[in-house]
Amino acid sequence: MFSNGDEIFKISRLTIVWLAGIFTIVWMVCWALGIALPMLLTQQLGDKAALTNEILRAATPVIAILVFIPINAMFMVLIERRALALWTVRKGPNRVGPDGNFQTAADAVKLLLKEDITPTGADAVMHTFAPILFFAPSVFGAVPLLAAVTNNHPLFRVLNLPTGIFFVLAAGALPVVALVMAGWASNNKYSLVGGLRSAAQAISYEIPLVLSLITVCLMAGTLDLVKITEQQAGGILNWNLLGGGALTGLNNALAGGGAKALATSYFMGPISYVCAGLLVISLIISFWLYLTGACAEINRIPFDLPEAESELVSGYNTEYSGMKFAIFFLAEFTNLFIVSSITTVMFLGGGDNPIPPYILNNIPGIPQMVAAIRDSYFCSTLHIINPETFFATLWVIAKVYGLVIFAVLIRGTLPRFRIDQLMAFGWKRLIPLSLIVFIIVVFAREFVICHG
Amino acid sequence: MANLISRAFGGLNEVRRGLATVFKHTFREPITKNYPDEMPDLAPHFRGRLALTVNPETGDHLCISCKQCERVCPDKCIEITSHKSPETNKLELIDFKIDHGLCMFCGLCTEVCPTLCIINTNDFEMADYSRESLIYDLKKLTLSQDESAFYFDRKEMPLPKPKPAKPAPAAAGAAPAAVAAKPAAVPSVAAPGADAKPETEAPEAKAPADSKTVEVKKPEVKAEVKEESKPEAKPEAKAETKTDEPKADEPKADEPKA
Chain A
932 MFSNGDEIFK ISRLTIVWLA GIFTIVWMVC WALGIALPML LTQQLGDKAA
982 LTNEILRAAT PVIAILVFIP INAMFMVLIE RRALALWTVR KGPNRVGPDG
1032 NFQTAADAVK LLLKEDITPT GADAVMHTFA PILFFAPSVF GAVPLLAAVT
1082 NNHPLFRVLN LPTGIFFVLA AGALPVVALV MAGWASNNKY SLVGGLRSAA
1132 QAISYEIPLV LSLITVCLMA GTLDLVKITE QQAGGILNWN LLGGGALTGL
1182 NNALAGGGAK ALATSYFMGP ISYVCAGLLV ISLIISFWLY LTGACAEINR
1232 IPFDLPEAES ELVSGYNTEY SGMKFAIFFL AEFTNLFIVS SITTVMFLGG
1282 GDNPIPPYIL NNIPGIPQMV AAIRDSYFCS TLHIINPETF FATLWVIAKV
1332 YGLVIFAVLI RGTLPRFRID QLMAFGWKRL IPLSLIVFII VVFAREFVIC
1382 HG
Chain B
4 MANLISRAFG GLNEVRRGLA TVFKHTFREP ITKNYPDEMP DLAPHFRGRL
54 ALTVNPETGD HLCISCKQCE RVCPDKCIEI TSHKSPETNK LELIDFKIDH
104 GLCMFCGLCT EVCPTLCIIN TNDFEMADYS RESLIYDLKK LTLSQDESAF
154 YFDRKEMPLP KPKPAKPAPA AAGAAPAAVA AKPAAVPSVA APGADAKPET
204 EAPEAKAPAD SKTVEVKKPE VKAEVKEESK PEAKPEAKAE TKTDEPKADE
254 PKADEPKA
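These protein sequences, in sequence, are chains A and B. According to my numbering, the first sequence is numbered sequentially starting from 932. According to my numbering, the second sequence is numbered sequentially starting from 4.
As structure tokens, this is what we get:
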């Protein structure tokens, strides 16, 4: 079909097999700890098992995250290298294992076995704490996201916070401290410059990032991640990316409400239509602002100034090796994953199917299939698959990894910013733009009935 | 303001074009070659390792010790030792040394060579562990009959006239038959004869042959030479497989001569 069909086939097979593997493993761990073991204990011990069950339920999500992060980072590094190779017209890793698919596993083993060096004159305590402080927020920052990305699965429901997105943003702002710490403690001028650059960059880009998310929260009327996802259910027209509910009236009209639904949603006539259009444009700009800010926040190309290899010899992690470097590496990719998850939840409707239900339910076979899965032994007795959350989670996985691949595509395309361009772009372009978008949304949402 | 907006859209459009271009690369064949697994397809006149050819038909060494290559070499990396034979009054080659660590592969020596003896082969895998082992002597430089035939064919060089043909008119004039036999015999015993033997047997056979010669001069280097001779032998084997020269033919061609 294509001249490069072989490589494309390899990379898609790798993605599907690895993702299926990762999520099966993680889900089996969750299921064993959170569902199967409590069920067994209740059968055997009766009421005495209540306390143990509570502890198990609380521990399950954390263990799930801890199992998930390393495997996922390994997969993401591999897929990034392969995709970059595909887009720069070369071959990716092809030495270790079949088609080089064990490359990252070998890298991980190498990194773990490597000598851990603390340079002379470095502050040993800070040098050790920096990677931990860098990694920790990506673990506990991911926790409130779990309920949202699994469509409020009962196992993860306890973790949901009423101020979810606020918590996630707070956690996401912490790694900057770790980077400055790492740079300062390394006793290396390159590292120090890298750390300071990262501080400057993170402070500048935090503002448009947060403002773009505030715009979404304003449309949604809540900070609760689960509520934000639930509002967006019902097809692509309901997503926050497309107006944050400004098109809900259109969606309802298409679903069968007719002109009446249009009239209730857009009660001001032409003004409402104009405002709905403005909202759609604002939210799309908001989406791009968020992607840009997030790229800068997690130090990815084109904003990888803190670790610019050609300028700063890898910046803040110049002096790190072995386990500590592995943790930095792990956290970087986990951050990318978390940022993609936030984008999915806030803008892309979380686990929502882009095809609206009034089309989907009319396709022959699909409702029957869902019903068959619901009645199967796995669902009704063993609770391995929860049909309410299963398809939602699949959609989340597809969207999140789609965004990850998009980040890789951006990495393959755009060159790095210069530091003054970076600052000018952040302060003189993105922040005013996000403020303008915010103000437009504040006024325009009064003339349209939307989520909030 | 309008300028700013148009610039913003222009910039976004550039980014979109860039992303589209990069994405289109998905459907392109990678340009990477699997080099150690697959040999690159080199041009016939690729300037690789220097080597001395023999007459592909008779096996006579083609060097006439004219020292033109030594004179033209900008790096002075060629060193020829020869003496005037008292019987024939002609120059006889004793040793031919090229320091490949100095050579810059300009190919001037191959251009001046009147007998097409010194050539650039297509072999470029010459990495070694010491500078001394980059100095190739006559035995290391001289190609076997088959290799010479291959390079004469590949570089489309005119085949040299057989050497006995030259003394033949001379013999018809005045010189006795012994003179005619001498030039043919001396090089074949001195260089290609010694070289052909290890070529007939696999690289293992070459190791003892090398070490024997070195043993006389400095026995302490013996073990080192043994090790070195193997990687040196490998590229040749590789070069042969890559160039589709049937390796099985080599012993057959050399056996009747030996």
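Virtual Cβ for every residue (Gly too), placed ideally from N, Cα, C.
Between Gly1224(A) and chain B, is any beta-carbon pair separated by less than 9 Å?
no
Just grab the DSSP bridge partners of Val998(A) for me.
Answer is none; Val998(A) lacks a bridge partner.
Taking the alpha-carbon of Pro33(B) as reference, which of Ala1014(A), Asn1091(A), Gly1208(A) has the nearest alpha-carbon?
Ala1014(A)
Rounded to the nearest angstrom, how far is the Cβ of Asn1266(A) from that of Leu1214(A), given a contact under 8 Å?
No, Asn1266(A) and Leu1214(A) are not in contact; Cβ-Cβ is about 24 Å, not under 8 Å.
If the cut-off is 8 Å on Cβ atoms, which residues from the segment 933-956 of chain A count as contacting chain D, listed in chain order?
Protein chains A and B are contained in the structure displayed, whereas chain D is not.
Relative to the C-alpha of Phe1218(A), which candidate in Val1080(A), Ile1096(A), Asn1169(A), Ser1365(A) has its C-alpha closest?
Ser1365(A)
Residues in the same chain with beta-carbon distance under 6 Å from Val1111(A), minus the five sequence neighbours each way, listed in chain order, please.
Gly1126, Ala1130
Tell me, please, which residues DSSP counts as bridged to Phe99(B).
Ile83(B)
Do you know whose CA, among Arg1360(A), Gly1253(A), Ser1271(A), Val1147(A), lies nearest Leu1039(A)'s CA?
Sequence inspection shows Ala at residue 1039(A); the Leu mentioned does not correspond to that position. Out of Arg1360(A), Gly1253(A), Ser1271(A), Val1147(A), Gly1253(A) has the C-alpha closest to the C-alpha of Ala1039(A).
I believe Arg157(B) touches Pro47(B) by the beta-carbon criterion, under 8 Å. Please report the beta-carbon distance rounded to the nearest angstrom.
5 Å
Flag this pair as yes or no: are the beta carbons of Leu1009(A) and Asn1032(A) separated by less than 9 Å?
yes
Could you give the DSSP three-state label for Ala1177(A): helix, strand or coil?
coil
How do the segment 1328-1348 of chain A and the segment 1166-1184 of chain A stand: do at least 3 beta-carbon pairs fall below 8 Å, yes or no?
no
Tyr154(B) versus Thr124(B): straight-line alpha-carbon distance, rounded:
7 Å
Asn123(B): first and last residue of the uninterrupted beta strand (DSSP E) it sits in:
121-123
Nearest-angstrom Cα distance between Lys1158(A) and Val1147(A)?
12 Å
Counting only Cβ pairs nearer than 9 Å, list the residues of chain B close to Val1020(A).
His28, Arg31, Glu32, Pro33, Ile34, Thr35
Kindly indicate which three-state DSSP category Leu94(B) falls into: helix, strand or coil?
strand
Could you list the residues in the segment 1180-1201 of chain A with a C-beta less than 9 Å from some C-beta on chain B, going in chain order?
none
Where does Val57(B) fall in DSSP's three states?
strand
Give the residues of chain A in contact with Gly21(B), contact being defined as C-beta atoms less than 8 Å apart.
Thr1344, Leu1345
If I'm right that Leu997(A) touches Ala1257(A) with Cβ under 8 Å, what's the distance once you round it to whole angstroms?
Not a contact, Cβ separation roughly 15 Å.
Are the C-beta of Asn1025(A) and some C-beta of chain B separated by less than 9 Å?
yes
So, for Asn1091(A): in the same chain, excluding its five sequence neighbours on each side, which residues have a beta-carbon less than 8 Å away from its beta-carbon?
Pro1075, Ala1078, Ala1079, Asn1083, Asp1155, Leu1156, Val1157
Could you name the residues of the same chain whose beta carbon sits closer than 6 Å to that of Pro1285(A), not counting the 5 residues immediately before and after it, in chain order?
Ile1167
9 Å Cβ cut-off: residues of chain B touching Leu1340(A)
Leu22, Val25, Phe26
Strictly under 9 Å for the Cβ-Cβ distance: is Ala11(B) near chain A by that measure?
yes
Assign Thr955(A) to one of two classes, buried (16 or more other C-beta atoms within 10 Å of its C-beta) or exposed (fewer than that).
exposed
Phe1198(A), buried or exposed, once every other Cβ within 10 Å from all chains shown has been counted against 16
exposed
Is Ile34(B) helix, strand or coil by DSSP?
coil
Skipping 5 residues on each side, what residues in its chain have a beta carbon closer than 6 Å to that of Lys1255(A)?
Pro1062
Proximity winner among Ile1290(A), Ala1239(A), Ala1323(A), relative to Thr1275(A) (alpha-carbon distances):
Ala1323(A)
Smallest Cα separation from Asn935(A): which of Leu950(A), Asn984(A), Trp1018(A)?
Trp1018(A)
Could you check if Ala1207(A) is buried or exposed, using at least 16 other CB atoms within 10 Å of its CB as the buried criterion?
buried
Does the beta carbon of Cys112(B) come closer than 9 Å to any beta carbon on chain A?
no
What's the C-alpha gap between Cys69(B) and Thr35(B)?
44 Å
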